[in-house]
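As structure tokens, the structure follows; a few thoughts come after it.
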Amino acid sequence: MSDETNSVLMDKVFEALDKLSPQELERLLDPKYEVIIKVIRVKQSKEISQAILDNDEMQNILARLNDCGQRDEAHEFLISHYPTKKYLQRIAQELEILVSKSDKVAELRERIVEATVGAKIRSKAIQKIDSK
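Residues 217 to 348 (our numbering) make up the sequence shown, in order.
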């Protein structure tokens, strides 16, 4: 193995040791215990999924949705620019909309539109009623 490979492997071993509790570290010193190395795939973290849309792009999306005057306009924007569930989940997350894995693309889109354009339309309707 190359020095670079050895270095990467040792870094991973040290990282794993750092994650052990004090009790687990004590067991390592006990001869009754042995060390077994298990290689597993790391699940995608939130940070990686958030990288799908960076902050600037997210702010542009939210501004564009807020500029929409009608629900249909917001629907068309989302359909044409962000058609996949992954994008819609990220936008919903930014808007603090609860999302479950079983949500369909159309449901996510509808909730996003209602949280942005729909809320604005309802607010204007209430203000008109109050001003009469």
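Glycine residues also receive a C-beta, built at the ideal position from the N, C-alpha and C atoms.
For clarity, every value in this text was computed on a predicted model and none was experimentally measured.
Would Arg306 be called buried (16 or more neighbouring beta carbons within 10 Å of its own) or exposed?
Locating residue 306 in the sequence shown gives position 90, counting from the first residue. Looking at its Cβ environment, which holds 16 or more other Cβ atoms inside 10 Å, Arg306 is buried.
Would you decide whether Ile252 is buried or exposed? Buried here means 16 or more other CB atoms lie within 10 Å of its CB.
Residue mapping note: residue 252 aligns to position 36 of the sequence shown, counting from 1. Per the 10 Å Cβ criterion, exposed.
What is the rounded straight-line gap between the Cα of Asn222 and the Cα of Lys228?
Taking the first residue of the sequence shown as 1, we reach residue 222 at position 6. Taking the first residue of the sequence shown as 1, we reach residue 228 at position 12. C-alpha separation (whole angstroms): 10 Å.
Would Arg287 and Val333 be called neighbours here (beta carbons separated by less than 8 Å)?
Counting from 1 along the sequence shown, the entry for residue 287 is found at position 71. Counting from 1 along the sequence shown, the entry for residue 333 is found at position 117. Result yes, Cβ atoms of Arg287 and Val333 sit closer than 8 Å.
Applying the criterion that 16 or more other CB atoms from any shown protein chain within 10 Å of the CB defines a buried residue, is Val224 buried or exposed?
Mapped onto the sequence shown, residue 224 falls at position 8. The residue is exposed, with fewer than 16 neighbouring Cβ atoms inside 10 Å.
Hey, would you say Arg325 sits closer than 8 Å to His291, going by beta carbons?
Taking the first residue of the sequence shown as position 1, residue 325 is located at position 109. Taking the first residue of the sequence shown as position 1, residue 291 is located at position 75. Yes, they are a contact pair.
What is the DSSP secondary structure of Leu304, reduced to helix, strand or coil?
As a first step, residue 304 must be located in the sequence shown, where it is residue number 88. DSSP places Leu304 in helix when its eight states are reduced to three.
Tell me which residue opens and which closes the alpha helix (DSSP H) that Leu245 is part of.
Stepping through the sequence shown from its first residue, residue 245 is reached at position 29. Per DSSP, Leu245 belongs to the alpha helix (DSSP H) from 238-245.
Give the straight-line distance between the Cα atoms of Leu241 and Tyr249, rounded to the nearest whole angstrom.
As a working note, residue 241 is residue 25 in the sequence shown. As a working note, residue 249 is residue 33 in the sequence shown. Spanning the two alpha carbons is a distance of roughly 11 Å.
Which residue wins for smallest C-alpha separation from Asn271, given the options Glu289, Glu310, Asn282?
Here residue 271 refers to the residue found at position 55 when the sequence shown is read from its first residue. If we check each option's Cα against that of Asn271, Glu310 comes out closest.
Measuring CB to CB, does Ala308 end up less than 8 Å from Arg338?
For the purposes of this step, residue 308 is taken as residue 92 along the sequence shown, with counting starting at 1. For the purposes of this step, residue 338 is taken as residue 122 along the sequence shown, with counting starting at 1. For Ala308 and Arg338, no; Cβs fall outside 8 Å.
Could you tell me which of Lys302, Glu330, Glu312, Ala331 sits nearest to Ser318, measuring between CA atoms?
For the purposes of this step, residue 318 is identified with residue 102 of the sequence shown, where counting begins at 1. The shortest Cα separation from Ser318 among Lys302, Glu330, Glu312, Ala331 belongs to Lys302.
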